[in-house]
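Asks: Here our numbering = 1-based position in the sequence shown + 42.
Below are the structure tokens for one structure; questions will follow.
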Amino acid sequence: MGQLRVEKVQAFIKQEASKMILNELKDPRIGFVTVTQVEVSGDLRHAKIYLSLMGSDEEKAKSWQGLSKAVGFLRTEIGKRLKMRFSPELTLHLDESLDYSEKIQKLLLKIKQDEDTK
Numbered sequence: 043m044g045q046l047r048v049e050k051v052q053a054f055i056k057q058e059a060s061k062m063i064l065n066e067l068k069d070p071r072i073g074f075v076t077v078t079q080v081e082v083s084g085d086l087r088h089a090k091i092y093l094s095l096m097g098s099d100e101e102k103a104k105s106w107q108g109l110s111k112a113v114g115f116l117r118t119e120i121g122k123r124l125k126m127r128f129s130p131e132l133t134l135h136l137d138e139s140l141d142y143s144e145k146i147q148k149l150l151l152k153i154k155q156d157e158d159t160k
């Protein structure tokens with residue numbers, strides 16, 4: 043497949059998955075979720091969806107459970123909307139880059155405060 047086609051499918055899946063998680067999933071366990079990135083294989087048969095979860099560790103665990111149960115629904119709906127011969131196999135991955143950047147930000151702030159007190 044051409045790289046342009048793969049990129050278009052990635053963008054489409056990211057947009058549709060975001061909409062579905064926000065508006066169509068009725069599971070009360072699912073909290074604040076952001077689709078940060080989608081990677082689609084060259085043959086368009088597999089898609090990795092990277093999600094960022096907000097809240098406490100307990101809320102994140104509950105959200106992850108709800109999202110894991112909804113993968114089949116997401117795949118079916120994305121397949122209908124993509125209008126391709128087959129729908130890609132979806133796998134969900136936790137994107138911890140936001141947590142990592144928040145941790146770095148706190149460390150930098152602490153260093154700055156320590157320097158200001160000297």
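Note that the Cβ used here is the ideal one computed from N, Cα and C, for glycine as well.
Would you kindly check if the distance between the Cβ of L132 and the Cβ of I91 is under 7 Å?
Replies: On the sequence shown, position 49 is the one that residue 91 refers to. On the sequence shown, position 90 is the one that residue 132 refers to. In contact: I91 and L132 (Cβ atoms closer than 7 Å).
Asks: With a threshold of 16 other CB atoms inside 10 Å of the CB of I55, please say whether the residue is buried or exposed.
Replies: On the sequence shown, position 13 is the one that residue 55 refers to. Buried: at least 16 other Cβ atoms inside 10 Å.
Asks: Would you kindly check if the distance between the Cβ of P130 and the Cβ of L67 is under 7 Å?
Replies: In the sequence shown, residue 67 corresponds to position 25, counting from 1. In the sequence shown, residue 130 corresponds to position 88, counting from 1. Contact: no.
Asks: Throw me the rounded Cβ distance for the L93 and V75 pair, which I believe falls under 8 Å.
Replies: Mapped onto the sequence shown, residue 93 falls at position 51. Mapped onto the sequence shown, residue 75 falls at position 33. With a Cβ gap of about 6 Å, L93 and V75 count as contacting.
Asks: Determine the DSSP secondary structure at I55, reduced to helix, strand or coil.
Replies: Counting from 1 along the sequence shown, the entry for residue 55 is found at position 13. Note: I55 maps to helix in three-state DSSP.
Asks: Please state the DSSP three-state secondary structure of I146.
Replies: To locate residue 146, count along the sequence shown from 1; it is residue 104. Of the three classes helix, strand and coil, the one that applies to I146 here is helix, per DSSP.
Asks: Looking at the secondary structure, which residues open and close the beta strand (DSSP E) in which K90 lies?
Replies: Sequence index remark: in the sequence shown, residue 90 carries index 48 (1-based). First-last of the beta strand (DSSP E) with K90: 88 to 95.
Asks: Pick out whichever of I63, L46, D141, Y142 has its Cα sitting closest to the Cα of L116.
Replies: The sequence position of residue 116 within the sequence shown is 74, counting from 1. Among I63, L46, D141, Y142, the Cα nearest to that of L116 is on I63.
Asks: Exposed or buried, A89, counting other C-beta atoms within 10 Å across all chains shown (16 or more means buried)?
Replies: Working through the sequence shown from its first residue, we reach residue 89 at position 47. Flag for A89 reads buried.
Asks: If I measure Cβ to Cβ from H135 and keep anything under 6 Å in the same chain, skipping five residues before and after, which residues do I get?
Replies: Position 93 of the sequence shown, counting from 1, holds the residue named residue 135. Once the five neighbours on either side are set aside, the close Cβ partners of H135 are K90, Y92.
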